[in-house]
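2 protein chains.
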Amino acid sequence: MSVTLADIARATGLSASTVSRALSDPDKVNPRTRDRVRKIAQDMGYVPNQVARSLTSGRNDLIGLIVPDIANPFFPPIIKAVQARASAKGKTVLIADVDEHPSDEIQRARVMRKRVDGLVVVSPRTPDDRLDQLAELSPIVFVNREVKGAASVIIEDSEGMREAVEHLTALGHRRVGYLNGPRRSWSNTQRQNAVREACAAHGVELVEFGPFEPQIQAGVRAADLVHASDVTAVIAYDDMIALGLMARLNERGVRVGPDISVIGIDDSPMSGMAYPTLTSIHVPGSEAGARAVDIVLDLADAAGDTEPFVVQLETRLIVRSSTSPVRER
Amino acid sequence: MSVTLADIARATGLSASTVSRALSDPDKVNPRTRDRVRKIAQDMGYVPNQVARSLTSGRNDLIGLIVPDIANPFFPPIIKAVQARASAKGKTVLIADVDEHPSDEIQRARVMRKRVDGLVVVSPRTPDDRLDQLAELSPIVFVNREVKGAASVIIEDSEGMREAVEHLTALGHRRVGYLNGPRRSWSNTQRQNAVREACAAHGVELVEFGPFEPQIQAGVRAADLVHASDVTAVIAYDDMIALGLMARLNERGVRVGPDISVIGIDDSPMSGMAYPTLTSIHVPGSEAGARAVDIVLDLADAAGDTEPFVVQLETRLIVRSSTSPVRER
DNA sequence: CTACGTGACGCAAACGGTTGCCGCAAGGAA
DNA sequence: TTCCTTGCGGCAACCGTTTGCGTCACGTAG
């Protein structure tokens, strides 16, 4: 099969332990021996067996990432950021897509447990009590979700939401719709509260719709509800819903922008490519991912003696062409 | 720390081997013992250490997936399909995003080697000779890429391309542009050949542009080139380029559809959400992913005595609103 | 010249399971 | 009753590395 430490030991006339040290703990052997070992290992095409290595050392050079849905364009940039950061620190990423199916998470996390050095969990939907179970599987970091006693990177919706509502009022909108996300979504609770507060603060009347799943189709469905109501602007739980909404409104001959303003949340890569381009609240997913990796690796090193970190990231409004002054009636 | 086999052995008064069998090879122990062991294991919260398990058994219950760019919306559906299929067979997926950086692939693959039961590689860009090196790391399956002596799932562009050109001629187009993908891309070579043949067969004049990277920005840049030429329709290497193209054309006041027809390739989820909705050649990525998993797992079981599988999948044209009859001049 | 410190390396025990082989006891057949 | 079969479970080796500790030789100081 493949070349093992023992093979190299034989080839060099050294013991496996020396070879092991020469390769991974350079200071403990004579420089001459070290170089000789390394050269031979190289020549023989030696690749350390990570599995065996993990077994003794406990290190895996792997970090686990749990996301609800890779196909939702909000997540790939996060995943990419996590990968990039992990890769920079010599780790690989083990991904589990739980398919918006929260009940899988604990199961998946348990299985991953011994295989990874730490877990990054993006899980807007899982109920709190389940998350507590997860939290015991430290080191673990939650993204966009606050869990008591656990580290997390949370994204503060209120500022972006405030900007969004302010933007709409500046355009003359007085009745604004909000399309709720999934019922049990932590993010939705945050966003819902944020929009309520912002509207109250600006004297804007808020009309809520939903809940909706974060998918195009749900937005399509939402469009007709919105159209039948008398709101002049809509803020959607996320870009997916906003995009579906716009597609359907376009189809029905309603001009997004002139006839009705639409704001998404996430600022996913598609916002700029939709028609019209979608005004959206930028959520710093990539940054959150990168920070999460940093934290989880710190946690892994520190072996639990650090206190639970909570990093807050801010959102902000990106204005594009899906929002315009309210149409005169 | 956590509960090990030995703990359960102690608790049950059995030996570790019996416990092991009771848990993973049910037929070899007395049903009564088996149930007792399982119950106790359950109660004690035993979770097998996958790492240790892999070391002896050689099985990892992990399959590796190498993709060029998660952020390209063509890939998430493939990843999802791979995950789903793998998950159905009790495997988890280890993803490596090589960031359109082919030179990383072999390195990443080597590191993964011992950790996974098989490798699925989606790698349109890597040069052939490197791929040969990869191919030795069997079990391995290439998606959308033919490698001699190795299993692969390839996607035959010619049929879809034929339909696309036929569609355009039916709409009266006689001068058609093709936006080339990256220079060293295997897919692009396939597509380029396919479009040349199809145009020749239909007596359509073909004007080639590019190469372009498979990214929005490249499409934006392409737009001005296309606009300055006299083609009445364009087929882009992929949807990313097509979408960037459309965005820029829109911006310049050129109406995609009425003024110029655009066809993408991949039929990524965004095609239906762009404006106008994008006519695109559907590439069965999900199916390819699923098939690849099946094959790689077969390969892993069969330990090399099967001959290299090559599965061919067909493409077909999905007509939407970015293609219209040629405008009268 | 002896004693002791130190650097370089080897020994062997883990890590937590899996698995081939063997022994033992119970049951069935002769 | 005796012998053989069969089922069940234990023993121990092994997977490939890491790592604590011991050994050995050499150099230096007393």
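Sequences listed follow chains F and V, in order. The opening position of the first sequence corresponds to residue 82 in my numbering, with each subsequent residue numbered one higher. The opening position of the second sequence corresponds to residue 82 in my numbering, with each subsequent residue numbered one higher. Don't be surprised by glycine CBs; every beta carbon is placed ideally from N, CA and C.
Chain F has a Cβ within less than 7 Å of the Cβ of V/Asn130. About 18 Å separates the beta carbon of F/Val197 from that of F/Leu212, a gap too long to meet the 8 Å contact definition. In the DSSP assignment, V/Glu286 falls within the beta strand (DSSP E) that extends over 286-290.
Rounded to whole angstroms, the separation of the alpha carbons of V/Asp88 and V/Pro154 is 47 Å. Partner residues in a beta bridge of V/Val301, as assigned by DSSP, do not exist.
Annotated three-state conformation of V/His283 is helix, per DSSP. In this structure the stretch 364-376 of chain F lies against the stretch 234-250 of chain F, because at least three pairs of beta carbons, one per stretch, are closer than 8 Å. For V/Val392, the beta-bridge partners assigned by DSSP are V/Val234.
Counting C-beta pairs closer than 8 Å gives three or more between the stretch 177-193 of chain F and the stretch 207-223 of chain F, which meets the contact rule. Around the beta carbon of V/Pro149, a 10 Å sphere encloses 16 or more other beta carbons of the protein chains shown; the residue is thus reported as buried. Between V/Ala279 and V/Arg243, the C-beta spacing is below 7 Å. The distance from the Cβ of V/Val179 to that of V/Ile147 is about 6 Å, consistent with a contact at the 8 Å cut-off.
Exclusion of the five residues before and after F/Ser342 leaves Leu249, Leu252, His254, Thr313, Ala314, Val315, Thr360, Ser403, Thr404, Ser405, Val407 as the residues of its chain whose Cβ lies within less than 8 Å of its Cβ. Cβ proximity to chain F below 9 Å picks out Pro350, Met351, Gly353, Met354, Ala355, Tyr356, Pro357, Thr358 from the stretch 346-375 of chain V. The beta carbon of V/Ala328 sits closer than 7 Å to some beta carbon of chain F.
In this structure, DSSP gives V/Phe155 a state outside helix and strand, which the three-state scheme calls coil.
Setting aside the 5 residues that flank it on each side, V/Leu330 is surrounded in the same chain by Ala304, Val337, each with a C-beta closer than 6 Å to its C-beta; the list follows chain order. Taking the Cβ atoms as the reference, V/Arg194 lies roughly 7 Å from F/Val128, within the contact range of under 8 Å. Nearest CB-CB separation between V/Lys195 and chain F: below the 7 Å threshold. Collapsing the DSSP output to three states places F/Gly241 in a helix. F/Leu143 is positioned such that its CB atom lies closer than 7 Å to that of F/Thr173. Contact annotation for F/Gln123 against chain V: no contact, minimum CB-CB distance about 13 Å [criterion: below 9 Å]. Across the set F/Asp116, F/Tyr259, F/Met321, the C-alpha of F/Met321 shows the shortest separation from the C-alpha of F/Val301.
Restricting attention to F/Ser168, F/Asn225, F/Ala92, F/Arg117, the CA atom closest to the CA of F/Val391 is found in F/Asn225.
Taking the beta carbon of V/Val174 as reference, the chain F residues within 7 Å of it are Ile176, listed in sequence order. Look at the stretch 284-299 of chain F: the residues with a C-beta under 8 Å from a C-beta of chain V are Ile297. Residue contact check for F/Arg191 against chain V: a CB pair falls below 7 Å. As computed with DSSP, V/Ala314 is found in a beta bridge with V/Val257, V/Ser342. A straight-line Cα-Cα distance of about 7 Å links F/His363 and F/Ile346. For F/Lys161, the nearest beta carbon of chain V is closer than 7 Å to its own beta carbon. In terms of beta-carbon proximity, V/Ser135 lines the interface with chain F, with at least one pair separated by less than 7 Å.
By alpha-carbon distance to F/Leu260, the top candidate from F/Ala231, F/Lys109, F/His283, F/Leu287 is F/Leu287. Listed in chain order, the non-local C-beta contacts of V/Val400 below 8 Å within the same chain comprise His248, Thr360, local neighbours out to five positions each way being set aside. For the options V/Ile221, V/Pro295, V/Asp185, the alpha carbon positioned closest to that of V/Thr207 is the one of V/Asp185. The distance from the Cβ of F/Pro365 to that of F/Leu394 is about 5 Å, consistent with a contact at the 8 Å cut-off.
Neighbourhood of F/Pro158 in chain V, by CB distance below 7 Å: Ala152, in chain order.
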